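Chemist:
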Amino acid sequence: MILNNELVDASSTDDAKPKESKVIDAQVTQPLNRYLRGLTWGFALAAAALLGHAHAQPKSVALDTIKQRGNLKCGVYENSPGLAALNDKGEWVGFDVDYCRALTAAILGDAKKTQFVKLTFAQSMPALRSGEIDVAAMAITYTSLRDTELGFDFVGPTLYSGHGFMVHKRTGAINLSDLNGASICVIAGAATESLIADYFRPRNMTFKPVAVEGSTQMMSMYEDGRCDVVTLEPPFLAMRRARMKAPDDHIILNETFAKSHMGPVIREDDRVFSNVARWVHYALVTAEELGIDASNVDTMKESKNPDVRRFLGLEGGIGSKMGLTDDFTVNVIKAVGNYGDIWDRNIGLKSPGMLPRGMNALARDGGLQWAPNWR
Amino acid sequence: MKADLVRSASAGATAARVLRWWHRNFFDGWINMLLAVGGIWLLATTLPGLWRWLVTESSVAPASYGDCLSAGGACWSFLQAKWRLILFGTYPFEEQWRAGLSTIIFLMAVVLSCIPGLWLGSTRRWFMCALWIAVLGTVMVLMPGGMFGLPRVEHRLWAGLPLTLGFAAIGCCCAFGLAILLALGRRSDMRLMHWLCVGYIEFIRGVPLISLLLLATILFPLLVPPEVDVDQLLRAQIAFVMFFAAYLAEAIRGGLQAVPPGQSAAAQAIGFGYWRTQIHIVLPQALRVALPSLVNTFIAALKDTSLVSVVAMMDLLGTANAAKADPNWWGLYIEPYLFVALIYFALCAGMSWYARGLERRLAGEKKGTQRA
Numbered sequence: 001m002i003l004n005n006e007l008v009d010a011s012s013t014d015d016a017k018p019k020e021s022k023v024i025d026a027q028v029t030q031p032l033n034r035y036l037r038g039l040t041w042g043f044a045l046a047a048a049a050l051l052g053h054a055h056a057q058p059k060s061v062a063l064d065t066i067k068q069r070g071n072l073k074c075g076v077y078e079n080s081p082g083l084a085a086l087n088d089k090g091e092w093v094g095f096d097v098d099y100c101r102a103l104t105a106a107i108l109g110d111a112k113k114t115q116f117v118k119l120t121f122a123q124s125m126p127a128l129r130s131g132e133i134d135v136a137a138m139a140i141t142y143t144s145l146r147d148t149e150l151g152f153d154f155v156g157p158t159l160y161s162g163h164g165f166m167v168h169k170r171t172g173a174i175n176l177s178d179l180n181g182a183s184i185c186v187i188a189g190a191a192t193e194s195l196i197a198d199y200f201r202p203r204n205m206t207f208k209p210v211a212v213e214g215s216t217q218m219m220s221m222y223e224d225g226r227c228d229v230v231t232l233e234p235p236f237l238a239m240r241r242a243r244m245k246a247p248d249d250h251i252i253l254n255e256t257f258a259k260s261h262m263g264p265v266i267r268e269d270d271r272v273f274s275n276v277a278r279w280v281h282y283a284l285v286t287a288e289e290l291g292i293d294a295s296n297v298d299t300m301k302e303s304k305n306p307d308v309r310r311f312l313g314l315e316g317g318i319g320s321k322m323g324l325t326d327d328f329t330v331n332v333i334k335a336v337g338n339y340g341d342i343w344d345r346n347i348g349l350k351s352p353g354m355l356p357r358g359m360n361a362l363a364r365d366g367g368l369q370w371a372p373n374w375r
Numbered sequence: 001m002k003a004d005l006v007r008s009a010s011a012g013a014t015a016a017r018v019l020r021w022w023h024r025n026f027f028d029g030w031i032n033m034l035l036a037v038g039g040i041w042l043l044a045t046t047l048p049g050l051w052r053w054l055v056t057e058s059s060v061a062p063a064s065y066g067d068c069l070s071a072g073g074a075c076w077s078f079l080q081a082k083w084r085l086i087l088f089g090t091y092p093f094e095e096q097w098r099a100g101l102s103t104i105i106f107l108m109a110v111v112l113s114c115i116p117g118l119w120l121g122s123t124r125r126w127f128m129c130a131l132w133i134a135v136l137g138t139v140m141v142l143m144p145g146g147m148f149g150l151p152r153v154e155h156r157l158w159a160g161l162p163l164t165l166g167f168a169a170i171g172c173c174c175a176f177g178l179a180i181l182l183a184l185g186r187r188s189d190m191r192l193m194h195w196l197c198v199g200y201i202e203f204i205r206g207v208p209l210i211s212l213l214l215l216a217t218i219l220f221p222l223l224v225p226p227e228v229d230v231d232q233l234l235r236a237q238i239a240f241v242m243f244f245a246a247y248l249a250e251a252i253r254g255g256l257q258a259v260p261p262g263q264s265a266a267a268q269a270i271g272f273g274y275w276r277t278q279i280h281i282v283l284p285q286a287l288r289v290a291l292p293s294l295v296n297t298f299i300a301a302l303k304d305t306s307l308v309s310v311v312a313m314m315d316l317l318g319t320a321n322a323a324k325a326d327p328n329w330w331g332l333y334i335e336p337y338l339f340v341a342l343i344y345f346a347l348c349a350g351m352s353w354y355a356r357g358l359e360r361r362l363a364g365e366k367k368g369t370q371r372a
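These protein sequences, in sequence, are chains A and B. In this text, residue positions in the first sequence follow the numbering used here: the first is 1, and each later residue adds one. In this text, residue positions in the second sequence follow the numbering used here: the first is 1, and each later residue adds one.
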């Protein structure tokens with residue numbers, strides 16, 4: 001008994017406090033006093049925990065809506081090879097698609113309950129705001145304004161990259177400085193145009209932006225010579241060049257500019273749902289770190305490793321504190337595998353894109369993908 | 001010997017006739033000569049290349065993307081892998097026979113209805129009505145399912161040819177009904193009714209279809225409370241009906257204006273009320289006059305269904321776009337576009353061919369009545 005109390009007490013002073021205050025955030029919308037009230041409530045709940053009423057399931061309008069509706073609405077790009085496209089059987093496949101399947105499996109237990117809504121980039125944020133979709137898994141670049149002013153929350157980043165340039169060989173450009181006065185195809189409304197402008201202006205260079213609707217149109221316009229330069233994340237440039245009529249006529253410049261870190265986007269009005277969305281990505285990464293995939297997840301349940309046991313919901317009750325079931329990670333992994341599986345299947349070595357992991361390798365392999373601890 | 005002479009003489013005559021025909025049709029004056037030579041040159045330069053692309057250098061299954069590239073011609077194996085995706089899109093693969101069957105039944109009913117003889121006499125008319133009820137009932141059971149052991153398929157998964165056909169057919173029928181009311185309203189003596197109809201028609205005609213569709217799909221959910229969830233398909237369909245009703249109304253108004261005022265005056269003189277006058281006297285004549293521009297609008301409507309792809313629905317063009325986004329076949333796009341272009345062409349050409357026949361028939365009828 002004493003031992004029990006001590007355990008609960010310790011957790012309530014260290015970990016439970018910020019967590020409980022987040023629960024309150026969902027209910028109290030005024031930003032003022034939030035911290036103080038959170039603190040007070042945290043203590044109050046810690047006291048309640050001491051009396052033995054430890055877990056109250058966090059309340060979340062977004063989660064309740066999704067559970068009631070019985071499906072999760074996920075916005076994806078219409079035809080973006082590797083990220084979201086239809087296969088021969090009319091089923092959605094791709095890197096972004098798999099994140100949505102994972103999120104649905106976490107909340108509803110069945111990845112088949114994902115409802116995909118195809119959108120263009122310009123439609124994505126209005127659709128998210130109006131509640132037409134619950135999440136926009138459209139490789140949207142994480143920027144401060146989108147996070148703060150527009151009122152969105154970002155998951156991940158699930159995909160790290162920078163921007164690279166591909167040019168027609170006939171232009172003779174080798175360095176970025178050769179691109180002065182070039183016409184550059186950019187997707188309307190995307191961050192790329194202002195990124196290029198920021199790069200060109202201090203160097204006294206100019207460019208002619210040619211606005212297009214989507215990446216497929218952008219590449220075909222570039223290939224037809226309607227613009228001299230096209231910019232995308234270098235791995236995607238390589239994929240696109242491999243499929244051009246004359247790949248040797250195009251050069252991908254060695255230099256990159258700007259950073260891009262992309263991930264699924266959600267509304268920020270529901271902290272609990274935000275946490276779930278974020279921790280589903282971490283679950284995918286953690287599963288890769290722990291070597292868990294769809295084929296071995298059931299045998300891993302027998303593992304004695306406390307990290308694995310906590311992660312798979314056998315101990316600690318992490319899932320129910322998020323408003324999910326304790327074994328939601330098992331459902332996620334059974335549905336889509338781990339982060340590495342998703343990468344390989346859609347854009348990596350097992351796909352036509354054949355992209356190396358690069359920056360998106362696990363942190364222990366020298367990349368940037370890592371996950372906080374599950375405890 | 002004599003027979004030979006006769007034969008050669010007739011052969012000579014035939015040759016002369018052919019030459020004359022060529023001369024009359026192609027080499028009559030220097031402008032025609034220039035056009036003929038130019039046309040023949042154009043055909044001679046393009047046809048062999050087209051033949052090579054379509055047939056000799058094309059590849060069929062099991063050719064892969066790489067095989068197609070090295071062959072250089074059309075990649076039919078790409079279409080062989082994707083034709084079901086293009087026709088039915090996201091409709092569940094195992095259930096696609098339902099979408100296919102629905103499309104076939106619907107098209108057959110349309111073709112049957114186009115035979116004028118089947119509408120003559122009340123028995124046949126009743127039979128046709130029963131047929132249509134049966135066809136629509138079957139389609140409405142097959143497509144959504146959820147009964148008779150068929151798994152349920154939600155509206156949002158409907159795609160490809162059934163979506164395009166259904167959207168256009170329902171859209172045109174509803175728009176036609178609304179358009180008649182609008183056209184009559186615009187010519188009405190009631191001031192309020194008149195101005196309401198004028199306002200509606202002019203407003204809709206001043207707005208592009210695409211903005212109405214975006215309004216219905218993106219703005220509408222922002223305006224209504226989140227609990228109100230009107231089906232996306234229905235919202236787009238309503239926007240489509242509203243748009244084409246305005247255009248059809250103007251076409252019908254043109255027809256109405258061509259009917260001499262004496263016709264309705266005469267009808268009223270023998271005691272017909274407003275609606276009986278319109279239905280039995282004015283509209284039959286007006287629609288006959290308006291037929292060419294009505295068909296024009298119907299064809300435009302069929303092709304404009306492809307605009308719904310901008311509001312997250314996957315019509316025939318949308319599924320063709322989806323087919324070309326497969327990383328395994330990436331870079332090929334002519335084949336799926338050619339495939340859907342042929343389907344659109346068959347539908348539109350069929351419609352205009354039938355309308356031409358109908359016009360001829362109605363013109364003949366009119367002459368007959370005038371002579372009598």
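Every residue, glycine too, gets a C-beta built ideally from N, C-alpha and C. No experiment lies behind these values; they were computed from the predicted model shown.
Are the segment 163 to 172 of chain A and the segment 283 to 301 of chain A touching by the rule of at least three beta carbon pairs closer than 8 Å?
Modeler: no
Chemist: Can you check whether the C-beta of ARG235/B is within less than 9 Å of a C-beta belonging to chain A?
Modeler: no
Chemist: From THR13/A to GLU95/B, what does the alpha carbon distance come to, in whole angstroms?
Modeler: With a pLDDT of 37 at THR13/A, under the threshold of 50, the modelled position of that residue is not reliable, and the figure given next carries that caveat. Near 56 Å, if we compare the C-alpha coordinates of GLU95/B and THR13/A.
Chemist: Please list the partners that LEU222/B has in chain A, where partner means a Cβ-to-Cβ separation under 8 Å.
Modeler: PRO126, ARG129, SER130
Chemist: Spell out whether any CB of chain A is found under 9 Å from the CB atom of SER352/B.
Modeler: Chain A, which has no Cβ nearer than 9 Å to the Cβ of SER352/B, makes this no.
Chemist: Could you tell me whether the segment 110 to 128 of chain B touches the segment 193 to 204 of chain B, using the rule of 3 or more Cβ pairs below 8 Å?
Modeler: no
Chemist: Taking Cβ positions, are PHE240/B and ASP304/B nearer each other than 9 Å?
Modeler: yes
Chemist: For the segment 190 to 222 of chain B, which residues have a CB atom closer than 7 Å to at least one CB atom of chain A, in sequence order?
Modeler: Close to chain A, meaning a Cβ-Cβ distance shorter than 7 Å, are the following residues of the segment 190 to 222 of chain B: ILE218, PRO221, LEU222.
Chemist: Leaving aside the five residues before and after THR256/A along the sequence, list all residues of the same chain whose C-beta is less than 7 Å from its C-beta, in chain order.
Modeler: GLY162, HIS163, GLY164, PRO234
Chemist: Taking the straight line between their C-alpha atoms, what separation do you get for PHE26/B and ALA13/B?
Modeler: 20 Å
Chemist: Rounded to whole angstroms, what is the Cα-Cα separation between SER21/A and ASP110/A?
Modeler: Here the model assigns SER21/A a pLDDT of 40, short of 50, so the residue's position is not dependable, and the following value carries that caveat. Rounded to whole angstroms, SER21/A to ASP110/A spans 30 Å at the Cα level.
Chemist: Please list the partners that PHE93/B has in chain A, where partner means a Cβ-to-Cβ separation under 8 Å.
Modeler: Result: LYS89, GLY90, GLU91.
Chemist: Counting only beta-carbon atoms, is GLU78/A nearer than 9 Å to chain B?
Modeler: For GLU78/A, the answer is yes, since a Cβ of chain B falls inside 9 Å of its Cβ.
Chemist: PHE375/B versus chain A: which residues are under 7 Å apart at the beta carbon?
Modeler: This structure gives no information on residue 375/B, because the portion of chain B shown stretches from 1 to 372.
Chemist: Within 9 Å of any Cβ in chain B, is that where the Cβ of LYS118/A sits?
Modeler: yes
Chemist: Of all the options LYS208/A, ASN79/A, LYS118/A, ASP344/A, which has the alpha carbon lying nearest to the alpha carbon of VAL186/A?
Modeler: Check the Cα spacing between VAL186/A and each of LYS208/A, ASN79/A, LYS118/A, ASP344/A: the tightest is with LYS208/A.
Chemist: Let me know the secondary structure DSSP gives LEU237/A once reduced to three states.
Modeler: helix
Chemist: Helix, strand or coil for CYS174/B per DSSP?
Modeler: DSSP places CYS174/B in the helix class (H, G or I) of the three-state scheme.
Chemist: Determine the chain A residues that contact ALA322/B at a beta-carbon separation under 9 Å, and present them in chain order.
Modeler: GLU78, ASN79, ALA85, LEU86, GLY90, LYS118
Chemist: Which class does LYS59/A belong to by DSSP, given the choice of helix, strand or coil?
Modeler: coil
Chemist: Kindly list, in the order they appear in chain B, the residues whose Cβ is closer than 9 Å to that of GLN68/A.
Modeler: At a C-beta separation below 9 Å, GLN68/A has no neighbours in chain B, since its nearest C-beta there lies roughly 11 Å away.
Chemist: Just checking my contact of GLN149/A with ALA188/A at CB under 8 Å: how many whole Å lie between their CB atoms?
Modeler: The amino acid occupying residue 149/A in the given sequence is Glu; Gln does not appear at that position. Actually they are not in contact, since the Cβ atoms of GLU149/A and ALA188/A sit about 20 Å apart, beyond 8 Å.
Chemist: Starting from the Cα of ARG125/B, find the closest Cα among LEU136/B, LEU223/B, LEU112/B and give me that residue.
Modeler: LEU112/B
Chemist: Could you compute how far the alpha carbon of MET359/A sits from the alpha carbon of ILE343/B?
Modeler: Taking the Cα positions, MET359/A is about 46 Å away from ILE343/B.
Chemist: The alpha helix (DSSP H) that contains ALA105/A, what's its start and end?
Modeler: Segment 95 to 108, the alpha helix (DSSP H) holding ALA105/A.
Chemist: Can you tell me whether DSSP reads LEU50/B as helix, strand or coil?
Modeler: helix
Chemist: Which residues share a DSSP beta bridge with PRO209/A?
Modeler: ILE184/A
Chemist: Run down chain B in chain order and give the residues with a C-beta less than 7 Å from the C-beta of PRO157/A.
Modeler: Here the premise fails: no neighbours, minimum Cβ distance about 22 Å.
Chemist: So ASN275/A is in the beta strand (DSSP E); what residue range does that whole segment cover?
Modeler: Unbroken run through ASN275/A is the alpha helix (DSSP H), 271 to 289; no beta strand (DSSP E).
Chemist: Which value, in whole angstroms, describes the spacing of the CA atoms of LEU85/B and PHE95/A?
Modeler: Rounded to the nearest angstrom, the two C-alpha atoms are 20 Å apart.
Chemist: Between the C-alpha atoms of PHE200/A and VAL229/A, what's the straight-line distance to the nearest angstrom?
Modeler: PHE200/A and VAL229/A have their C-alpha atoms some 14 Å from each other.
Chemist: Any Cβ of chain D within less than 9 Å of the Cβ of ARG243/A?
Modeler: Judged by its chain identifiers, the structure shown contains no chain D, and its protein chains are A and B.
Chemist: Is the Cβ of GLY189/A closer than 9 Å to any Cβ of chain B?
Modeler: no
Chemist: Taking the alpha carbon of ALA373/B as the point to measure from, which residue in PHE298/B, LEU178/B, TRP329/B, GLY331/B has its own alpha carbon closest?
Modeler: Given a span of 1 to 372 for chain B in the structure shown, any question on residue 373/B remains unanswerable.
Chemist: For VAL23/A, is the classification buried or exposed, using 16 other Cβ atoms within 10 angstroms of its Cβ as the cut-off for buried?
Modeler: Annotation note: pLDDT 39 at VAL23/A (below 50); position unreliable, no value reported.
Chemist: Report yes if the CB atom of ARG240/A is closer than 9 Å to the CB atom of LEU253/A, and no otherwise.
Modeler: no
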